[in-house]
Amino acid sequence: MPKASWHLDRRTFLRGAGLSLTLPWLEAMAHGNQPAAARPKRFCAIFFGNGVALPGRNRPEFQDWHWFPHTDGANYRLTRSLEPLAPHRRDMTIFGGLSHPTSRLLVGHNTVDVWLTGADIRVNLQNSISIDQAIARRFGSATRIPSLVLSSHGGVGTKSRSTTISFDSQGRAIPAESVPRRIFERLFEPPTAGDRAARARALASGRRRVDFLLEDSRSLRNNLGRPDQQRLDEFLQSLSEVESRLVRSEAWLGRALPQVNRGAINLDVSPRGPTDYIRTMLNLIVLAFETDTTRVAAYQMCAEDGVGICDRFPSILGFGGGHHGLSHGPLGPWARYDRYLAEQFAYFLGRLGAIREGNDRLLDNTMALFGSGTSTTHNARNYPTILAGGRNLGLRHGRFIKQQNERPLGDLFVTMLHRYDIPVRSFADNAGEFSEILARV
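Throughout, my numbering is defined as the position within the sequence shown, counted from one, plus 1208.
Written out as structure tokens, the structure reads:
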């Protein structure tokens, strides 16, 4: 007997425990004393937009202000653009010739969305999970905060001009936080007894409502065609993730927060003072790692294409214009701003290196990725990329590794994921692994 046609009105709701939730659009609607191996493994990604200054060989700036070193291997010489990172030479690897193959023909600004995902967004801008979130799925249950998602502008922005670099398992942009005081309070400020009780009631109520919605929507599934069932399954996956977050929050609600010295970090900063602001954001990441409040962080230091207040950073600092404008202007100011950004990453590595964990440093248990999704303003190839730290995760540093033929950045990502004991066979459009960065056993 043929199945009767069945139509859903767009105003159809799932109803549970007094909560109404509109369905998605469907076709039917038309630690220090631990041994090194046992210490927490951390990951941080720091992104800057608009690429870097790469003067040609015939330009007078080539020798001193080309972002990439001029010779590869262990005896490379840092140009002035990366000179601030000289103290960390033994703890980092510079890469040349990496990119995401499916993104190479994109306008360079679009690659902010795929820097950590490698997704093919050429047709419909559909993204996939970012590497920070893949790592957070592995370690997130061990910490109060599964991951820190930060940016200087905050929010998500728009597709292809995102103000976040983190994307969930469905490829949805994760809103970034940008206000240091609020970030600190979420990480370390204990709630009052009344707030805690109210929070517990809200979490329990939220979980009951999600349970009702899941049950209601599953009963709806049999009346849908296959395309709508697929869309509904994605919706159910989202609800399940919400439920998991509620369960996590309930489990952590009664646990004591780490004791930190509020006065040791400057929370009275804003992006109108770029250096203090950036370093406070970096200090928050370090503090969250040190206290094991989270093990994963992503920070969009500078957005792409003139988006957000961070575009004004170089103008505020006296470099002569906005970040996007610098990338289209004379090479000198742009290259000097590259150096400024390298100084901030050097500061971050210095902070990680100064914190002891037993006989090691926090840096030894942290991989820190620094880079951009475009080499120069509109060229989505040869990404400026530095990977630092992670000695106890089996990394070997101290070189500039230059690929003669472009190599998928996904190769590096797969190798990194394996060092976090995440047994993926592939990530994005990788072609293999990146064994060159692994320590010899």
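Glycine included, C-beta positions come from ideal geometry on N, C-alpha and C.
**Request:** Provide the residue(s) that pair with Asn1587 in DSSP beta bridges, ordered along the chain.
**Result:** In the sequence shown, counting from the first residue as 1, residue 1587 sits at position 379. When beta bridges are read from the DSSP output, Asn1587 appears opposite Thr1584.
**Prompt:** How do the region 1604 to 1620 and the region 1281 to 1294 stand: do at least 3 beta-carbon pairs fall below 8 Å, yes or no?
**Reply:** A contact exists between the region 1604 to 1620 and the region 1281 to 1294.
**Message:** Count Cβ pairs between the region 1321 to 1328 and the region 1365 to 1377 that sit closer than 8 Å; are there 3 or more?
**Reply:** Enough Cβ pairs lie closer than 8 Å, so yes.
**Request:** For Ala1350, name the three-state secondary structure that DSSP assigns.
**Result:** The sequence position of residue 1350 within the sequence shown is 142, counting from 1. Here Ala1350 sits in helix by DSSP.
**Message:** Quick check on DSSP: helix, strand or coil for Arg1633?
**Reply:** What you label residue 1633 is simply residue 425 of the sequence shown in a count that begins at 1. Three-state result, Arg1633: coil.
**Request:** Please name the residue in Pro1295, Phe1635, Asn1258 whose C-alpha comes closest to that of Gly1514.
**Result:** Against the sequence shown, residue 1514 aligns to sequence position 306. Of the candidates Pro1295, Phe1635, Asn1258, the one whose C-alpha sits nearest the C-alpha of Gly1514 is Asn1258.
**Request:** Quick one: grab the DSSP three-state call for Arg1285.
**Result:** As a position in the sequence shown, residue 1285 is number 77, starting the count at 1. DSSP places Arg1285 in the coil class of the three-state scheme, outside both helix and strand.
**Request:** Indicate whether the contact test is met: 3 or more Cβ pairs, each with one atom in the region 1340 to 1348 and one in the region 1611 to 1629, closer than 8 Å.
**Result:** Flag = yes, the region 1340 to 1348 and the region 1611 to 1629 touch.
**Message:** For a test of the three-state rule: what should DSSP assign to Asn1638, helix, strand or coil?
**Reply:** Mapped onto the sequence shown, residue 1638 falls at position 430. Correct three-state label for Asn1638: coil.
**Cα-Cα separation, Met1300 to Leu1646** = For the purposes of this step, residue 1300 is taken as the residue at position 92 of the sequence shown. For the purposes of this step, residue 1646 is taken as the residue at position 438 of the sequence shown. Going from the Cα of Met1300 to the Cα of Leu1646 covers about 12 Å.
**Message:** My output table needs one value for Glu1565: the three-state DSSP class, helix, strand or coil.
**Reply:** If you number the sequence shown from 1, residue 1565 lands on position 357. Glu1565: strand per DSSP, three-state reduction.
**Request:** State the start and end residues of the unbroken beta strand (DSSP E) segment that holds Met1575.
**Result:** For this step, residue 1575 is matched to residue 367 along the sequence shown. Unbroken beta strand (DSSP E) run through Met1575: 1574 to 1579.
**Message:** Just to confirm my understanding: we take Leu1539, look at its own chain, exclude 5 residues before and 5 after, and list those with CB closer than 6 Å. What are they?
**Reply:** Translated into the one-based positions of the sequence shown, residue 1539 becomes position 331. Closer than 6 Å at Cβ, skipping near neighbours: Ala1261, Pro1263, Glu1269.
**Prompt:** Span of the beta strand (DSSP E) holding Phe1608?
**Reply:** Within the sequence shown, numbered from 1, the residue matching residue 1608 stands at position 400. Here the beta strand (DSSP E) through Phe1608 covers 1608 to 1616.
**Message:** Three Cβ pairs or more, each shorter than 8 Å: is that satisfied between the region 1286 to 1297 and the region 1530 to 1550?
**Reply:** Enough Cβ pairs lie closer than 8 Å, so yes.
**Request:** Over the uninterrupted alpha helix (DSSP H) stretch that includes Gln1271, give me the two end residues.
**Result:** As a first step, residue 1271 must be located in the sequence shown, where it is residue number 63. Element bounds for Gln1271: 1270 to 1273.
**Prompt:** What do you reckon, are the CB atoms on Cys1518 and Ser1360 nearer than 8 Å?
**Reply:** By one-based count along the sequence shown, residue 1518 stands at place 310. By one-based count along the sequence shown, residue 1360 stands at place 152. Yes, the pair counts as a contact, with Cβ atoms nearer than the cut-off.
**Message:** Please classify Ser1478 as buried or exposed, where buried requires at least 16 other C-beta atoms within 10 Å of its C-beta.
**Reply:** As a first step, residue 1478 must be located in the sequence shown, where it is residue number 270. Its Cβ having fewer than 16 others within 10 Å, Ser1478 is exposed.
**Asked** Just how far apart, CA to CA, sit Ser1583 and Glu1512?
**Response** Counted from its first residue, the sequence shown places residue 1583 at position 375. Counted from its first residue, the sequence shown places residue 1512 at position 304. The straight-line gap from Cα to Cα measures roughly 12 Å.
**Asked** Would you report the Cα separation of Ala1246 and Met1624, rounded to the nearest angstrom?
**Response** Here the question's residue 1246 lines up with position 38 in the sequence shown. Here the question's residue 1624 lines up with position 416 in the sequence shown. Near 18 Å, if we compare the C-alpha coordinates of Met1624 and Ala1246.
**Message:** Quick check on DSSP: helix, strand or coil for Leu1234?
**Reply:** Sequence index remark: in the sequence shown, residue 1234 carries index 26 (1-based). Summary for Leu1234: the model assigns pLDDT 49, below 50, so the residue's position carries little reliability; its value from the coordinates is reported in the next sentence. Looking at Leu1234 - three-state DSSP - the assignment turns out to be coil, as it is neither helix nor strand.
**Item:** C-alpha gap between Ser1634 and Ala1327, whole angstroms
**Value:** Start at 1 with the first residue of the sequence shown, and residue 1634 comes out as number 426. Start at 1 with the first residue of the sequence shown, and residue 1327 comes out as number 119. When rounded, the separation of the alpha-carbon atoms in Ser1634 and Ala1327 is 12 Å.
**Request:** Put Gly1365 into one of helix, strand or coil per three-state DSSP.
**Result:** By 1-based counting over the sequence shown, the position of residue 1365 is 157. Strand, per DSSP.
**Request:** Using the Cα positions of Leu1490 and Thr1499, report the straight-line distance between them to the nearest angstrom.
**Result:** Taking the first residue of the sequence shown as 1, we reach residue 1490 at position 282. Taking the first residue of the sequence shown as 1, we reach residue 1499 at position 291. Rounded to the nearest whole angstrom, the C-alpha separation of Leu1490 and Thr1499 is 14 Å.
**Message:** By the three-class DSSP mapping on this structure, what secondary structure does Thr1593 have?
**Reply:** Reading the sequence shown from its first residue, position 385 is the one you call residue 1593. Residue state, collapsed to three classes: strand.
**Asked** Would you call Arg1480 buried or exposed, if buried means 16 or more other Cβ atoms sit within 10 Å of its Cβ?
**Response** Here residue 1480 corresponds to residue number 272 of the sequence shown, with the count starting at 1. With fewer than 16 neighbouring CB atoms inside 10 Å of its own CB, Arg1480 falls in the exposed class.
**Prompt:** What is the DSSP secondary structure of Thr1372, counted as helix, strand or coil?
**Reply:** As a working mapping, residue 1372 is identified with position 164 in the sequence shown. Annotated three-state conformation of Thr1372 is coil, per DSSP.
**Pairwise C-alpha distance: Phe1276 and Leu1286** = By one-based count along the sequence shown, residue 1286 stands at place 78. By one-based count along the sequence shown, residue 1276 stands at place 68. Near 8 Å, if we compare the C-alpha coordinates of Phe1276 and Leu1286.
**Request:** Have a look at Gly1528 and Thr1351 and give me their C-alpha separation to the nearest angstrom.
**Result:** One-based indexing of the sequence shown puts residue 1528 at position 320. One-based indexing of the sequence shown puts residue 1351 at position 143. The straight-line gap from Cα to Cα measures roughly 43 Å.
**Asked** Taking C-alpha atoms, which residue in Arg1487, Gly1526, Arg1604, Ser1368 lies nearest to Val1331?
**Response** As a first step, residue 1331 is located in the sequence shown; it is residue number 123 there, counting from the start. Here the closest residue by C-alpha is Ser1368.
**Asked** So what's Arg1439 in DSSP terms, helix, strand or just coil?
**Response** Taking the first residue of the sequence shown as position 1, residue 1439 is located at position 231. When DSSP states are grouped into helix, strand and coil, Arg1439 belongs to the helix group.
**Message:** Quick check on the burial criterion: 16 or more other C-beta atoms within 10 angstroms. Buried or exposed for Leu1306?
**Reply:** By 1-based counting over the sequence shown, the position of residue 1306 is 98. With 16 or more other CB atoms across the displayed protein chains lying within 10 angstroms of its CB, Leu1306 is buried.
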